[in-house]
Amino acid sequence: MSVKLGFIGTGSIAHVHGDVYKRMGNRIEFVACCDLNEERAKKFAEKYGFKKYYTDYRQMLAENKFDAVEVCTWNSAHAECTIAALNAGANVKCEKPMAMNAQEGIAMKEAAEKNGKLLMVGFVRRHGNDASAAIDFIDKGYLGDVYFIKASYLRRAGFPGGWFGDKSRSGGGPLIDLGVHVIDLSRYIIGNPKPVSVFGATFNKLGARTNLKTNGKAWSAAAEEEKEPIFTVEDLATAMIRFDNGAVLYVEASFSLNMSNNTPGGLVLYGSKAGLTLDPFELHTECNDMIADIKISGPTGTGDFFYNEDINFLDAIDGKAECKAPAEDGIELMRILDAIYESAKTGRSVDIVR
Ligand SMILES: NC(=O)c1ccc[n+]([C@@H]2O[C@H](COP(=O)([O-])OP(=O)(O)OC[C@H]3O[C@@H](n4cnc5c(N)ncnc54)[C@H](O)[C@@H]3O)[C@@H](O)[C@H]2O)c1
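Note that the numbering used here gives residue 79 to position 70 of the sequence shown, counting from 1, and the numbers run on in steps of one.
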């Protein structure tokens with residue numbers, strides 16, 4: 010039996026998942042897709058062979074039956090689209106960030122539980138070879154106790170355009186867009202400890218940097234709809250996050266920053282026996298009372314991580330695999346982001362209370 014698949018939101022990232030599902034052959038039945046922009050929905054339907062396309066997700070959910078729905082809208086629509094799809098009897102994978110805040114995330118998880126359906130979050134970095142290799146090294150004791158992590162997702166001039174700069178639709182800037190990837194990856198690799206407090210700061214000094222001649226085309230498909238660039242979000246965010254196992258994570262994320270090189274999702278884990286840089290995958294340790302760096306060869310890059318994510322979603326629906334990115338981890342992430350934005354506003358550290 011093939012999986013009856015639907016999409017809500019058919020912009021940039023939807024094509025990445027569409028390409029993956031196309032590779033799965035007749036495991037997938039492309040039932041219907043929806044986008045507020047009719048032209049975009051139509052093109053997406055034609056490209057992947059969806060039988061129907063819509064501009065209203067409520068109508069799409071009322072007129073069709075789905076086993077699985079991908080929610081790939083801008084962030085402010087994640088909660089309403091996900092809850093509607095779950096209530097219509099579908100299993101849902103919602104793109105990162107799960108929602109605008111933890112409260113919305115909790116309502117989404119409750120809808121999944123009420124309907125007995127799976128809700129997975131699109132934390133694609135959990136599905137990379139680097140994530141599984143790092144977990145394997147930790148499990149086998151190569152790092153010892155991991156007590157500090159540095160995570161960096163800095164872009165010198167990398168504003169995606171469109172709604173990504175509009176706080177009312179994005180919920181924030183590089184922290185909620187890019188930081189989310191590396192904060193979640195850090196938590197995942199060290200066993201999903203619970204965050205207890207954060208100290209954060211955000212800035213908006215350089216903005217969208219649309220003046221730069223070197224700036225490429227916006228990669229939000231919806232950017233074409235904006236007459237004037239909107240930039241009501243931070244351009245740089247930085248934070249310290251303390252977890253209940255004693256570990257501390259330092260994170261930094263930017264759309265615009267005067268720096269030399271981008272750091273697209275880099276992570277360094279510091280353990281009592283060894284440190285580990287993810288890209289390139291390298292251990293930092295001691296050998297015969299001397300400092301030693303060990304380069305590891307093997308499947309240690311991100312690999313085919315979008316494929317792995319989408320297969321994990323389908324296998325988890327079928328009960329063949331455990332879901333690697335369940336709703337509760339999406340909520341923990343939103344708790345961290347809520348606290349960082351709160352801390353940035355007040356200038357004080359914020360305790361995360363449940
Ligand atoms: N996992 C990743 O690495 C990754 C990469 C890029 C984007 N994303 C996430 O994917 C989501 C979409 O990002 P994108 O880059 O594709 O943006 P995009 O601007 O290219 O596309 C978003 C689309 O959603 C549509 N939309 C918004 N509200 C809708 C609604 N209520 N009903 C139907 N359609 C609606 C818009 O019209 C637009 O076409 C975001 O949440 C983003 O954070 C994840």
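Note that CB positions come from ideal geometry on N, CA and C, so glycine has one too.
In this text, all values refer to a predicted model and were calculated from it rather than measured experimentally.
The beta-carbon separation of G27 and K56, rounded to 7 Å, stays under the 8 Å limit for a contact.
Per DSSP, reduced to three states, the secondary structure at S263 is strand. Distance between K123 and P238, taken at the CA atoms: about 40 Å. For V133, the closest of K149, I192, D154 and L127 by C-alpha to C-alpha distance is I192. About 6 Å separates the CB atoms of L163 and M268; that is less than 8 Å, so the two are in contact. Residue pairing by DSSP places D145 in no beta bridge whatsoever. Assignment of M117 by DSSP, reduced to helix, strand and coil, places it in the helix class.
Cα atoms of S141 and R135: separation of roughly 8 Å, rounded to the nearest angstrom. Judged by their CB atoms, G275 and V130 are not nearer to each other than the 8 Å cut-off.
By the Cβ test, the region 197–213 is in contact with the region 241–255, since at least three Cβ pairs between them sit closer than 8 Å. For A248, the enclosing beta strand (DSSP E) begins and ends at L245 to F252. Under the 8 Å Cβ criterion, the region 95–115 counts as touching the region 179–193, having at least three qualifying pairs.
Of the other Cβ atoms in all chains shown, fewer than 16 fall within 10 Å of the Cβ of T355; this residue is therefore exposed. When C-alpha distances from I303 are compared across E318, L287, T311 and V155, the shortest belongs to L287. Beta-bridge partners assigned by DSSP to P273: Y162. Distance from the CA of R363 to the CA of K149, rounded to the nearest whole angstrom, comes to 33 Å. The secondary-structure analysis by DSSP pairs C42 across a beta bridge with F16 and Y62.
Taking 8 Å as the cut-off, the Cβ atoms of D76 and I326 count as close. Taking a 10 Å sphere around the C-beta of S229, we find 16 or more other C-beta atoms and assign the residue as buried.
Beyond the five residues adjoining it in sequence on each side, I158 comes within less than 6 Å, by CB distance, of S195, L258 and L278 in the same chain, given in chain order. The three-state reading of DSSP puts V133 in helix, counting H, G and I together. Bounds of the alpha helix (DSSP H) holding T91 are H87 to N96. Within 10 angstroms of the beta-carbon of I300 lie fewer than 16 other beta-carbons, which makes it exposed. Cβ neighbours of D253 within its own chain (closer than 7 Å, five residues either side excluded): P202, K203 and V205.
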